[in-house]
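Take a look at the structure below.
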Amino acid sequence: MTGLEKETDAGEGCPVILPRSQHPISRKHINEHTLKVLYRLRNHGFKAYLVGGGVRDLLLGRRPKDFDVATDATPGQVRKLFRNCFLVGRRFRLAHIRFAGNYIVEVATFRRQPRPEELPENPAEHFFFTENVFGSPREDAFRRDFTINGLFYNIDDFSVVDHVGGLEDLEARRLRVIGDPLVRFTEDPVRMLRALEFKARLGFSLDAGIREAIYLRGPLIAEAAPARIREEVMELFRHAVAGPVFRQAQAMGLLPHLLAGYEANEETLAMLAGVDQRTANDAAIEEHLVLAALFLSRFRNALKSDGETSIGEALHLANLLLTPMCAYFRIAHGTRARARDLLIGFFRLSRGRGRRGEARFLRHSSSPQALEFFALWCEVFQQQLDVLADWRQAFAAGESSSTAGSKSKGRRPRRRRSGRRKPRKPAPKSE
Ligand code: ATP
Ligand code: MG
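Just so you know, we're using numbering that gives the first Met the number 0 here: the sequence shown kicks off at 0 and counts up by one.
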C-alpha cells in the first residue's frame, strides 16, 4: 500500500494552532518510548501526532493514563519502520510497538467518517466499517467522540492543533460532542456512557445537547456489543467513578438499557461509591468484586427476615441473582463463582461468630476477601462494626496459629461429616 493522499479538508475552516509558547505541554511529560515513535515517524516523512486522552490530560495538568499516536503512515508502513511492531485487531487495524518492560505504544492511521453511500448494507457492520476508513488528520479529528478528545499535539513543531473547538471547551470545562449528539449517539451508543464517564472523571459539565440526546437515544445502548459495554463499565470502576456514573445513568434512564435490565437502588449506589473510594486508595479492582457489589443489596433483601436462611438457600439466591448478568456478558464461571463466594462470605460474616463450620470458613482461601468486602459494607453504612471487629480478631488469631505451624497449609482437611458436632461457641484457633 502506498502512503495516504495529502490532507484534504473535512469541511470548511482551519484549525486553531497553539504554538509551543502558548500551551503547557512539555516533552518531559510524554513517555520516552512514545516520543521515540513520534520522532521516527516524523523523520521518515510521515505526520505524527499525539492524540486523544493524552493531549487532553496534559493540557489539564493531569497525568495521562496512556498515550496514543496517530499518523498518515498506513499500518503496513508503520510495521516496516519498527522492528518491534505487531499489527493487531482483526477489524480495527492498529500497530502496536513494543518496548522493554512490556510497554506498548499504539499507533493508528488517521481515519475518517465514511460517506453514507460507502457504508455496507448491513447496519450491524457500520460501526466497524466506520472505524477503518483512512482519512486526513482533520477528518480524523472529526470522527472522534468529544471535542476535548479531538486535540492533537504535533511532534513536528510541538504545537497543539485544534480542528474541533476542543480548546474552548477545555477552558469552559464542558463536554461537547463533535457534531450532532443525536447522530453520533445513534452511530455508536457507547458514547453515551463515555460522556457520563468523562463528566465524572474530569468534573466537567454536560453540554445541553448531550443530556437531551441521552434521554432520546438511551435505549439504543442495549444494542451495543456486550463485550464493549463490559469493558467500558470496568473502565468506570478502574477510574473510581462507578458511583457517580451509575447514579447519573440511573437518573437519566440509561442504566437498565446498559446492563440488561439492571436498576440500582440507593444502597447499591452508596456501596459503589465505597468501592470507588477503595480503588482511589490504590486497591486493585476485580470483576467479581464489581458483580458482588452490584448485587449485594438485592441479595441482602432476598434473605429471610428472621435470619434463618440456610447456607444452601443463600447459595441458591446468589446464583439466581448473578447468573443472568453473567450469561449476558459471557462472564466466566470462575468469576461468577468468586462473586458468589463474596456474597456467601458476606452472609456468613453478617450472622456473627459461633456458627457451625466457622473454623473451616476461617481457613478457606476466599474468606479474607469476603472479610474485606464485608468490612467495606460495614464502613460505608456504619453498621455491624462490632461484628466486624470480632471477625477481624478471629482471622488474625487464625493467621498467627497457622504461621506457628498448622499442618493444614491453607487447604481444608477432608473429613466426613458425622452429624452435629460443632460447638456453638467460637473456636478461635484452627484445629
Ligand atoms: P482514557 O484513555 O484516559 O480513558 P481516552 O480519551 O484516551 O481516555 P480511549 O478510550 O483511550 O479514551 O480512546 C482514545 C481516543 O479515541 C479518544 O480520546 C477519542 O478521541 C477516540 N475514541 C475512543 N472511543 C471512541 C468512540 N466510541 N467514538 C469516537 N471516538 C472514540
Ligand atoms: Mg487513552
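Using N, Cα and C, we set each Cβ at its ideal position, and we do this for glycine too.
Quick caveat, the model's predicted, so the values are computed rather than measured.
When distances are taken from the beta-carbon of Pro63 to the heavy atoms of the ligand ATP, the shortest one is below 8 Å.
Remark: C-beta atoms of Leu288 and Trp376 do not approach each other more closely than 9 Å. Not one heavy atom of the ligand MG falls within 8 Å of the beta-carbon of Gly351. Between the beta-carbon of Val54 and that of Phe151 there is about 7 Å, and that keeps the pair under the 8 Å contact cut.
Across the structure, Ala250 and Asn131 are spaced so that their CA atoms are roughly 35 Å apart. Between the region 314-326 and the region 365-381 there are fewer than three inter-stretch CB-CB distances shorter than 8 Å, so the stretches are not counted as touching.
Every alpha helix (DSSP H) of 4 residues or more that sits fully in the region 205-280 is shown, in chain order, as 207-216, 225-237, 241-250, 254-257, 265-279. If you check the CB distance, Leu219 and Phe197 do not come in under 9 Å. Between Leu341 and Phe372, the gap from beta carbon to beta carbon is short of 9 Å. The DSSP-derived three-state label of Ile16 is strand. Runs of alpha helix (DSSP H) with 4 or more residues, each lying fully within the region 315-402, are found at 332-349, 357-362, 366-380, 384-402, listed in chain order. Each residue's CA atom was taken as its position, placing Ile29 and Ala223 some 34 Å apart.
When secondary structure is reduced to three states using DSSP, Thr70 falls in the strand class.
Taking a 10 Å sphere around the C-beta of Arg61, we find fewer than 16 other C-beta atoms and assign the residue as exposed.
Residue environment for Gly165: buried (at least 16 other C-beta atoms within 10 angstroms of its C-beta). For Ile177 against Asp144, the beta-carbon gap comes to about 7 Å, under 8 Å, which counts as contact. Counting only the Cα atoms, Thr278 lies some 12 Å from Glu234. Counting along the chain, the unbroken alpha helix (DSSP H) around Thr33 starts and ends at 31-42. With contacts defined as CB atoms closer than 9 Å, Pro74 and Ala94 qualify as a contacting pair.
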